[in-house]
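Chemist: Residue numbers (my numbering), protein chains in the order written: chain X, 525 to 655; chain S, 18 to 321.
Beta carbons are placed, not taken as given, at the ideal position from N, Cα and C, and that holds for glycine.
Small disclaimer: the values here were computed from a predicted structure and weren't measured.
(1) Within 10 angstroms of the Cβ of residue 19 (chain S), are there 16 or more other Cβ atoms? Answer buried if so, exposed if not.
(2) Assuming contact is defined by CB atoms lying nearer than 7 angstroms, are residue 24 (chain S) and residue 44 (chain S) in contact in what I supplied?
(3) Listed in chain order, which residues of the region 207–240 of chain S have Cβ atoms closer than 9 angstroms to some Cβ of chain X?
(4) I'd like to know if residue 547 (chain X) contacts chain S, where contact means its C-beta is closer than 7 angstroms to some C-beta of that chain.
(5) Compare the C-beta of residue 568 (chain X) against all C-beta atoms of chain S and say whether one is closer than 7 angstroms.
(6) Any beta carbon of chain X sitting closer than 7 angstroms to that of residue 137 (chain S)?
(7) Run through chain S and tell me which residues come within less than 8 angstroms of residue 580 (chain X), C-beta to C-beta.
(8) Please decide whether residue 19 (chain S) counts as near chain X, where near means a Cβ-Cβ distance under 7 angstroms.
(9) Give every residue of the same chain whose Cβ lies closer than 6 angstroms to the Cβ of residue 165 (chain S), excluding the five residues on either side of it in the sequence, and list them in chain order.
(10) Should residue 115 (chain S) be labelled buried (16 or more other beta-carbon atoms within 10 Å of its own) or exposed?
(11) So which residues on chain S does residue 627 (chain X) lean against when the C-beta distance must stay under 8 angstroms?
(12) Would you give the residue range spanned by the alpha helix (DSSP H) that residue 261 (chain S) belongs to?
(13) Examine chain X for any beta-carbon lying closer than 7 angstroms to the beta-carbon of residue 192 (chain S), and answer yes or no.
(14) How long is the line joining the alpha carbons of residue 175 (chain S) and residue 550 (chain X), rounded to whole angstroms?
(15) If you reduce the DSSP assignment to three classes, tell me which class residue 526 (chain X) lands in.
(16) Find the residues of chain S that neighbour residue 572 (chain X), judging by a C-beta separation of less than 8 angstroms, and give them in chain order.
(17) Taking buried to mean at least 16 other C-beta atoms within 10 Å of its own C-beta, is residue 217 (chain S) buried or exposed?
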């Protein structure tokens with residue numbers, strides 16, 4: 525397992541590590557049932573705070589990507605339980621793209637009112653397509 | 018975790034007319050690593066020396082590893098490991114001789130532990146200290162500071178003068194030998210990118226005051242850079258937590274703590290605001306050299 529940290533990035537280190545582990549689980553690079561390094565081992569390997577690594581593992585476990593087996597170790601979960609995480613990931617990606625789009629709109633001179641009008645219109649179209 | 022391993026309350030210290038520390042309050046829960054950040058001459062070393070009882074304080078309550086530094090300094094030194102900035106050691110001694118020299122001062126000195134640190138830190142035993150590299154002598158300082166298995170470790174700018182590889186090794190040792198063993202660590206540093214990876218909490222010291230203390234991760238979420246229109250600046254008083262204001266034409270770039278609060282307020286009023294995250298370096302800079310007063314200057318100028 526490889527994790528690379530960019531120090532001095534505007535993305536917090538905890539998020540960098542979590543995102544890399546998440547995408548490695550989802551892409552299958554880390555296969556189901558594979559044992560991950562312990563919190564201590566990974567902390568030492570990356571020279572990152574032990575508590576930070578622990579929180580990342582806990583978060584990924586809550587997303588159903590990995591499983592913390594007490595007294596045994598941390599294992600990658602099978603794809604079935606990863607479905608929720610997949611959704612969470614795609615939502616996060618959508619959020620980012622949405623934010624970027626809004627930012628672009630602001631630069632182009634759109635006001636909040638313009639956005640609202642646009643949103644109402646887009647929602648109406650989307651509903652029509654669903655029917 | 019609820020007990021503080023280090024507790025500082027309303028600490029004041031002046032050297033003659035010069036006030037060095039003003040009303041400094043800091044709690045470090047047991048088992049946490051706290052980085053003390055500040056520019057040169059902001060009182061970091063003074064604070065560390067006060068924690069160790071090396072310096073009398075004017076007023077305030079201090080408790081380190083359960084001891085009062087002013088009255089129980091001998092017991093405190095048994096419980097605390099300390100590495101000074103530019104720690105001086107007798108250059109003519111070898112690492113082994115230094116260990117033998119220090120051992121009688123510490124009833125809890127653990128010879129085999131000292132030995133294993135020398136081994137793990139790759140410190141030559143029979144070479145005179147004056148011949149060791151900077152990195153080796155910092156590590157030797159750390160090894161002897163840890164050889165009595167202290168509960169609390171205080172390091173004054175340990176990474177100063179180390180090359181990038183040694184710094185990373187040093188951070189790794191900090192994580193492996195101190196955090197993983199549940200010790201409480203307070204250390205001062207200028208290297209903010211590295212602090213982020215290692216510290217549970219940061220405390221920013223500026224002109225003798227702690228201007229911000231908080232968990233490293235939440236600090237990065239709370240402090241953000243926003244781009245807002247000049248209209249907002251003219252219409253309302255400066256928001257709380259404002260740290261820096263810069264102007265570019267009709268746009269203002271501000272840095273603000275507790276950004277979520279102000280962002281929520283602006284979006285509920287229908288303003289479009291762009292927010293972006295910042296590095297720890299940027300956050301530190303905003304805290305120590307930010308110019309929040311520019312907000313009211315602009316508001317006043319527009320009214321005139």
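Modeler: A quick look at the data gives this:
(1) Counted from its first residue, the second chain places residue 19 (chain S) at position 2. Legend: pLDDT at residue 19 (chain S) = 46, less than 50; position of this residue unreliable, no value from coordinates given.
(2) Walking along the second chain from the start, residue 24 (chain S) turns up at place 7. Walking along the second chain from the start, residue 44 (chain S) turns up at place 27. A contact, by the Cβ cut-off of 7 angstroms.
(3) 209, 210, 211, 213, 214, 215, 216, 217, 233, 234, 237 and 238
(4) Translated into the one-based positions of the first chain, residue 547 (chain X) becomes position 23. It does not: the Cβ of residue 547 (chain X) has no partner Cβ on chain S nearer than 7 angstroms.
(5) As a position in the first chain, residue 568 (chain X) is number 44, starting the count at 1. Chain S contact via Cβ: present.
(6) Translated into the one-based positions of the second chain, residue 137 (chain S) becomes position 120. Residue 137 (chain S) does not count as touching chain X.
(7) By one-based count along the first chain, residue 580 (chain X) stands at place 56. Those within 8 angstroms of residue 580 (chain X) in chain S number zero; the least Cβ separation is about 11 angstroms.
(8) Counting from 1 along the second chain, the entry for residue 19 (chain S) is found at position 2. With a pLDDT of 46 at residue 19 (chain S), under the threshold of 50, the modelled position of this residue cannot be trusted; read the value that follows with caution. So, not an interface residue.
(9) Residue mapping note: residue 165 (chain S) aligns to position 148 of the second chain, counting from 1. For residue 165 (chain S), where only same-chain residues beyond five positions count, the Cβ hits under 6 angstroms are 123, 125 and 126.
(10) On the second chain, residue 115 (chain S) is found 98 positions in, with the first residue counted as 1. Flag for residue 115 (chain S) reads buried.
(11) Sequence index remark: in the first chain, residue 627 (chain X) carries index 103 (1-based). In chain order: 291.
(12) As a first step, residue 261 (chain S) must be located in the second chain, where it is residue number 244. Counting along the chain, residue 261 (chain S) falls outside any alpha helix (DSSP H), though it belongs to the beta strand (DSSP E) covering 259–265.
(13) Your numbering for residue 192 (chain S) matches position 175 in the second chain. At least one chain X Cβ lies under 7 angstroms of residue 192 (chain S).
(14) Residue numbering aside, residue 175 (chain S) sits at position 158 when the second chain is read from its first letter. Residue numbering aside, residue 550 (chain X) sits at position 26 when the first chain is read from its first letter. If you take the alpha carbons of residue 175 (chain S) and residue 550 (chain X), they lie about 40 angstroms apart.
(15) Your numbering for residue 526 (chain X) matches position 2 in the first chain. In the structure shown, residue 526 (chain X) sits in coil (DSSP, three-state: anything other than H, G, I, E or B).
(16) Within the first chain, the letter at position 48 stands for residue 572 (chain X). Neighbours of residue 572 (chain X) on chain S, chain order: 192, 214 and 215.
(17) As a first step, residue 217 (chain S) must be located in the second chain, where it is residue number 200. The residue in question, residue 217 (chain S), is buried, as its Cβ has 16 or more Cβ neighbours within 10 Å.
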